[in-house]
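Chains as they are written, first to last, in my numbering: chain Y, 0 to 277; chain D, 0 to 277.
So, in structure tokens, the structure goes:
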């Protein structure tokens, strides 16, 4: 998917919501276990109930990998089922030496046809660029993540005068463009969002950390939105586990109808998302 | 596998060689393609030909993942086939927020019973510690990798006064011990090995970068060996693709008989590996 198509979808749906498919066999409603592939059945019903409200789906690959070869089959069926107009994100946090990253790129972009993949920056340029060689596919590079451990290394100040996550954002712009690169920026550091937006004014940010992790949608929207929205806000557990009963899909839909699926919350913001919501 | 068992094996076999199973369907001998699972058949014959010479096997997970669910079946069969006395390494470079890293740990340590997994440090403590909760299993944390991109972020000097990879080694020792943590230290930076050994005198280092990537075994052995060997030196392409014909297993064995499978090369070194080789 290219950038104009992504932005058009955001405007059309008045939404910048990504639904995280962190699908756990121990948490899905029990009545689904009679199905041959309960994980896919759960995802299918969640997608059916939410695809007009959200602009992206993000399967967290660990949840599928933990189930062995069967899990990969559920993942493959899920990505094929995601409607073509929705942006698909493989939350895989891969990254390895060049020839190995090429194989990961092939796995997620060709075998499974994801639009994008999350990548860890620690191994540098040649671990990231193989993913950038695919037209209309995206790298979503870890910058400032939402978890407690983000304070261990990401905020160290380096001899380039920046914090490490700032170096990651600045340096990676030498190998990529806002048309094939996004950054992971956690909602749990709202005070940092404005500064990060200045470093990458035109990029999309994938924002985890709303909901269960405690981030505020309003705060990150205020300083993170740009003229083409620029944010994709992930919500997983709050939506997909809104109910553990037979009404789980309807309850997921009810949760997904809240912002960011009903426009922008930034006070006085003039972005298209805000305008179309007002 | 625990540390004494690993060291005993090193002494018994007079070897610190790890064979990298970077098994590529496009590179294995053509006559294997008649088998139902050519990838596993190749690995099986390589393991049969080398298991008395090496102390570890390291499947590079990308090569299996690129093949979809079928690839995961080949991987599962491979890890089950690796002899119990050999140390198994899932070269996966995973790492995510705590609840997700727990799932990766389950996938590689419980579902597949690997002894160890490579983990990227960028997301910090809570992305690593879930892997440390498994008894006699190991994290092999990326420190100073062998690829060109290792100079992009890993060697930045931080406000703690260290290079970033040094911070990774020092900080991670607060959450782990030499009995459950190793570090990836590339052979392509031989001048750094001595300094890294000082930071982690008792840890094992997994050393990629010999052979195709240009690192020197002699140089890294000289400054990297400790009193319990402390090095696991990976060699993949040089060994497993020594021949593309029917003699591939015999040729792999011939390659695997060279150092580090025939003892230590460090001049004047008094480590058990060197002593048993002299």
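The C-beta atom is built at its ideal place from N, Cα and C for all residues, glycine as well.
Because the structure is a prediction, the values reported are computed rather than measured.
Requested in this report: Give me the Cα-Cα distance between residue 317/D and residue 70/D, rounded to the nearest whole angstrom.
Outcome: No information on residue 317/D is available, as it lies outside the stretch 0 to 277 that chain D covers here.
Query raised in the report: Roughly how many angstroms lie between the CA atoms of residue 75/D and residue 20/D, to the nearest whole one?
Result: 13 Å
Report task. Below 7 Å CB to CB, which residues in the same chain sit around residue 81/D once its five sequence neighbours on both sides are set aside? Result -> 46, 56, 87
Query - For residue 196/D, the three-state DSSP class (helix, strand or coil) - result: helix
Report task. Name the two residues that bound the continuous beta strand (DSSP E) containing residue 86/D. Result -> 86-93
Requested in this report: Figure out for me which residue from 30/Y, 157/Y, 96/Y, 179/Y has the closest Cα to the Cα of residue 137/Y.
Outcome: 179/Y
Query raised in the report: So is residue 243/D in contact with chain Y if we call contact Cβ pairs under 9 Å?
Result: no
Report task. Indicate the three-state DSSP secondary structure (helix, strand or coil) for residue 12/Y in the structure shown. Result -> helix
Query raised in the report: List, in order along the chain, the chain D residues whose C-beta lies closer than 7 Å to that of residue 166/Y?
Result: 152, 155
Query raised in the report: Does residue 57/D get closer than 9 Å to chain Y when you measure Cβ to Cβ?
Result: no
Query raised in the report: Does any C-beta atom of chain D lie closer than 9 Å to the C-beta of residue 18/Y?
Result: no
Query raised in the report: With residue 155/Y and residue 163/Y assumed to form a contact (beta carbons below 8 Å), what rounded beta-carbon distance in angstroms separates them?
Result: 5 Å
**Report entry** 9 Å Cβ cutoff, residue 93/Y in contact with chain D
**Finding:** yes
Query raised in the report: Quick one, which of 232/Y, 186/Y, 61/Y has its alpha-carbon nearest residue 147/Y's?
Result: 186/Y
Query raised in the report: So, does the CB of residue 276/Y fall closer than 9 Å to a CB anywhere in chain D?
Result: Residue placement at residue 276/Y is flagged as unreliable, the pLDDT there being 44, under the threshold of 50; the coordinate-derived value follows with that caveat. So, not an interface residue.
Query raised in the report: Should the region 2-21 of chain Y be regarded as contacting the region 252-263 of chain Y, the criterion being three or more beta carbon pairs within less than 8 Å?
Result: yes
Report task. Could you please tell me which residues of the region 96-122 of chain D, in chain order, have their CB closer than 8 Å to any CB of chain Y? Result -> 96, 97, 99, 100, 102, 103, 105, 106, 110, 111, 119, 120, 121, 122
Report task. Keeping to the same chain, check which residues put their C-beta closer than 7 Å to that of residue 274/D; ignore five residues upstream and five downstream. Result -> A caution first: residue 274/D carries a pLDDT of 49, below 50, which makes its placement in the model too unreliable to give a value.
Requested in this report: Would you be able to state if there are at least three C-beta pairs under 8 Å between the region 200-214 of chain Y and the region 223-230 of chain Y?
Outcome: yes
Query raised in the report: Just by C-beta distance, which residues in the region 127-152 of chain D are closer than 9 Å to chain Y?
Result: 127, 128, 141, 144, 145, 146, 147, 148, 149, 150, 151, 152
Query raised in the report: Exposed or buried, residue 278/Y, counting other C-beta atoms within 10 Å across all chains shown (16 or more means buried)?
Result: Coverage of chain Y is limited to positions 0 through 277, which leaves residue 278/Y absent and any answer about it impossible.
Query raised in the report: Do residue 175/D and residue 127/D have their CB atoms nearer than 9 Å?
Result: yes
**Report entry** Pick from 5/Y, 41/Y, 165/Y that is closest to residue 241/Y, judged by C-alpha positions
**Finding:** 41/Y
Query raised in the report: Excluding five sequence neighbours on each side, which residues of the same chain lie with their C-beta closer than 8 Å to the C-beta of residue 111/D?
Result: 74, 75, 78, 89
Report task. For the alpha helix (DSSP H) containing residue 99/D, list its first residue and its last residue. Result -> 97-104
Query raised in the report: Would residue 68/Y count as contacting chain D if we go by Cβ distances under 9 Å?
Result: yes
Requested in this report: Please name the residues in the region 70-87 of chain Y whose beta-carbon is closer than 8 Å to at least one beta-carbon of chain D, in chain order.
Outcome: 71, 72, 75
Query raised in the report: Measuring CA to CA, which of 1/D, 62/D, 3/D, 49/D is closest to residue 23/D?
Result: 62/D
Requested in this report: Answer yes or no: the CB of residue 105/D versus the heavy atoms of the ligand NAD, is any distance below 8 Å?
Outcome: Among the components of this structure there are no ligands whatsoever, and the ligand NAD is therefore not found.
Query - Segment limits, alpha helix (DSSP H) that includes residue 226/Y - result: Premise fails: residue 226/Y is in no alpha helix (DSSP H) and is neither H nor E.
Query raised in the report: How about residue 2/D: is its C-beta nearer than 9 Å to some C-beta of chain Y?
Result: no
**Report entry** Beta-carbon neighbours of residue 13/Y, restricted to chain D and to distances below 8 Å
**Finding:** What residue 13/Y touches in chain D: nothing, since even the nearest Cβ is about 29 Å away.
Query - Per DSSP, the bridge partner or partners of residue 204/D - result: 182/D, 230/D
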